[in-house]
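The structure appears below as structure tokens.
There are 2 protein chains.
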Amino acid sequence: MTAVIATQENTGRDRIEQSILAAAEQVFSQHGYRGASLQAIADQAGLPKANILYYMGSKQALYVRLLDRMMSRWNAVLEDITPESDPGRVLSDFIRTKMVLGQRYPEGSKLFAAEILAGAPFLNEYLAGELRDWVASRAAIIRQWAVQGKMDDVDPRWLIFLIWSATQHYTEYSAQVSGILGRDVLSEEDIESICQFLEQVILKGCGISMPKIPPIPHE
Amino acid sequence: MTAVIATQENTGRDRIEQSILAAAEQVFSQHGYRGASLQAIADQAGLPKANILYYMGSKQALYVRLLDRMMSRWNAVLEDITPESDPGRVLSDFIRTKMVLGQRYPEGSKLFAAEILAGAPFLNEYLAGELRDWVASRAAIIRQWAVQGKMDDVDPRWLIFLIWSATQHYTEYSAQVSGILGRDVLSEEDIESICQFLEQVILKGCGISMPKIPPIPHE
DNA sequence: GATTGCTCTGACCGATCGGTCAATGTGGTC
DNA sequence: GACCACATTGACCGATCGGTCAGAGCAATC
């Protein structure tokens with residue numbers, strides 16, 4: 000009572016905003032933009048509804064902010080590959096990185112999926128702009144790997160989509176995967192087993208020998 | 000005016016129901032169960048809102064009916080495989096059948112995806128029951144193929160999920176794929192190119208030689 | 001202790017939600 | 001043409017939607 004503790008900052012603006020974002024991510028990811036209600040987000044965050052709007056301005060601003068946050072988490076993926084890179088190592092890392100990202104931000108991934116399902120009304124520019132360029136540049140490098148004989152001559156775009164879809168499946172379809180496997184969440188061993196399966200099948204399927212040195216330790 | 004045409008049956012009950020189902024599938028697939036409104040469905044169908052409820056009873060009944068219809072379209076897939084089947088032929092057919100289904104019923108596929116994203120509130124029983132058994136029985140057969148040396152010893156569950164996700168991607172993420180490829184819809188050539196890629200990578204990745212005879216002509 | 005600048009929130013707004021219902025229309029039977 | 005079963009739909013219900021706002025709470029400054 001007498002001592003003033005300055006470090007805790009328990010009700011700081013930042014902390015409140017983060018809790019709102021976390022609650023909103025959960026609700027939006029389940030029901031999409033239209034299906035989510037500010038009241039549900041407020042209940043999830045344990046705050047009055049008016050408080051959500053005080054901090055976030057509007058439903059749309061809150062939603063866009065979540066999309067931006069999720070997209071920023073992807074920026075580092077496949078950032079530094081070159082025609083000289085080892086395809087096995089790069090693709091193996093790509094698979095594991097995407098898998099880890101999905102496991103770390105399941106709500107964010109589902110939010111992204113719901114946005115795409117709705118026809119990407121808020122992400123059209125991003126998809127046809129930044130992301131398109133991202134894919135094009137990576138595809139160009141992969142094509143060079145094929146020319147160099149490091150791998151089979153497969154369409155790089157389909158390869159990228161394959162890795163995206165195969166890894167995303169385990170977060171966005173977690174309800175289906177859980178129902179079929181008969182457990183609520185995937186264990187560490189499950190994840191490792193899936194990663195090894197995807198590495199083995201995709202690399203071998205593209206005519207790439209497995210990398211000798213184990214990939215970067217994720218985390 | 001004078002001649003009564005009895006064959007057209009332009010306002011028959013069945014025709015109206017089908018048009019409502021088509022409209023509802025489109026709206027539900029975009030916005031999910033919560034996000035879809037009966038008014039939007041009615042507008043899409045060109046009918047008054049009360050008419051929708053007269054034919055379908057309730058929003059939930061309409062939704063469940065759409066889910067049932069979509070699931071029934073899957074029943075024939077991988078129905079008649081045995082331990083003696085040729086893995087290459089079976090998996091190749093599986094890939095093409097799933098791809099064609101997704102292209103034929105894009106709204107139904109997206110509806111299914113939205114339901115899973117929401118946590119599968121209406122499909123929990125199905126997933127943990129019928130579908131689980133379906134996967135288990137197919138997985139058992141695939142495992143026998145591996146024992147017989149027809150293919151590598153990969154986890155059949157991950158293989159099934161891989162084919163599901165890779166094919167579904169092109170319908171459920173069509174907005175993303177379109178944005179990246181820079182065209183509104185995938186051409187016949189695109190689809191064929193994707194099928195060949197998936198066949199090649201997945202079969203080779205599982206240690207299966209490509210089937211000599213081309214697969215069943217779809218359609 | 002008066003003033004100031006945020007933080008917070010109950011009460012409220014018009015619009016829309018899923019759903020009900022009474023009234024009217026329609027086609028066939030006797 | 002009276003009757004009947006179904007088809008159709010405008011009007012309405014209470015609940016909830018996203019969003020606004022006035023005012024209470026509160027800590028710091030003077």
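Here the protein sequences come in this chain order: A and B. Take the first sequence: its position 130, counting from 1, is numbered 129 in numbering that gives the first Met the number 0, and each next residue is one higher. Take the second sequence: its position 140, counting from 1, is numbered 139 in numbering that gives the first Met the number 0, and each next residue is one higher. Just so it is clear, CB atoms sit at the ideal spot from N, CA and C, and this is done for glycine as well. Since the model is a prediction, treat every value here as computed from it, not as a measurement.
For isoleucine 201(A), a Cβ of chain B is located within less than 9 Å of the residue's own Cβ.
The segment 30-50 of chain A makes no contact with the segment 71-86 of chain A, as fewer than three CB pairs between them are under 8 Å.
Assignment of alanine 112(B) by DSSP, reduced to helix, strand and coil, places it in the helix class. Taken in chain order, the complete alpha helix (DSSP H) segments of 4 or more residues contained in the segment 71-159 of chain A are 86-103, 105-116 and 131-146. Taken through DSSP and simplified to helix, strand or coil, methionine 55(A) comes out as helix. Nearest neighbour of serine 173(B) by Cα position, chosen from Leu100(B), Lys109(B) and Trp157(B), turns out to be Lys109(B).
Buried is the label assigned to glutamate 106(A), since at least 16 other Cβ atoms lie within 10 Å of its Cβ. Taking the Cα positions, alanine 135(A) is about 33 Å away from leucine 185(A).
Against chain B, the beta carbon of lysine 109(A) has neighbours under 7 Å at Leu116, listed in chain order. Interface annotation for the segment 83-113 of chain B against chain A: Lys109, Ala112 and Ala113, criterion Cβ-Cβ distance under 8 Å.
Here DSSP, grouped into helix, strand and coil, assigns alanine 35(A) to coil.
In the structure shown, arginine 64(A) falls within a helical segment according to DSSP collapsed to helix, strand and coil.
For serine 57(A), there are no neighbours in chain B by C-beta distance under 9 Å, as the nearest C-beta there is about 17 Å away. Chain order gives no chain B residues near asparagine 74(A), where near means a beta carbon separation below 9 Å; the closest approach is about 17 Å. With respect to chain B, the C-beta atom of tyrosine 172(A) has a partner C-beta closer than 9 Å.
In this structure, DSSP gives glycine 204(A) a helical state, which the three-state scheme calls helix.
In chain A, no part has a C-beta under 8 Å from the C-beta of arginine 137(B); the shortest such distance is about 11 Å. Closest option to valine 76(A), judged by alpha-carbon separation, among Gln59(A), Val63(A), Gly101(A) and Arg64(A): Gly101(A). Counting C-beta pairs closer than 8 Å gives fewer than three between the segment 19-27 of chain A and the segment 18-27 of chain B, which falls short of the contact rule. Taken through DSSP and simplified to helix, strand or coil, methionine 209(B) comes out as coil.
For leucine 180(B), the uninterrupted alpha helix (DSSP H) segment begins and ends at 173-180. Between the beta-carbon of glycine 204(A) and that of lysine 149(B) there is about 17 Å, and that puts the pair past the 8 Å contact cut. Within the same chain, and ignoring the five residues on either side of leucine 61(B) in sequence, the residues whose Cβ sits closer than 6 Å to its Cβ are Ala23 and Met55. The beta carbon of valine 153(B) falls within 9 Å of a beta carbon belonging to chain A, placing the residue at that interface. Two segments are said to touch when three or more pairs of C-beta atoms, one from each, lie closer than 8 Å; by this definition the segment 120-130 of chain B touches the segment 61-72 of chain B. Nearest in C-alpha terms to valine 89(B), of all of Ile15(B), Ile162(B) and Ser177(B), is Ile162(B). By the Cβ neighbour-count rule, alanine 44(B) is buried, with 16 or more other Cβ atoms within 10 Å of its own. Out of Leu116(A), Phe160(A) and Gly118(A), the CA that lies nearest to the CA of arginine 137(A) is found in Phe160(A). Closest by C-alpha distance to lysine 58(A), out of Ala112(A), Phe27(A) and Ala127(A), is Phe27(A). Interface with chain A (9 Å Cβ-Cβ cutoff): isoleucine 80(B) is excluded. For isoleucine 140(B), no Cβ of chain A is located within less than 9 Å of the residue's own Cβ. Among the CB atoms of chain B, one or more fall inside 9 Å of the CB of phenylalanine 196(A).
Below the 9 Å Cβ cutoff, chain B contributes no neighbours of phenylalanine 121(A), its closest Cβ being approximately 11 Å away. In the three-state DSSP reduction, leucine 20(A) falls in the helix class (H, G or I). The shortest C-alpha to C-alpha distance from arginine 12(B) to any of Asp132(B), Tyr53(B), Arg72(B) and Gln25(B) is the one to Tyr53(B).
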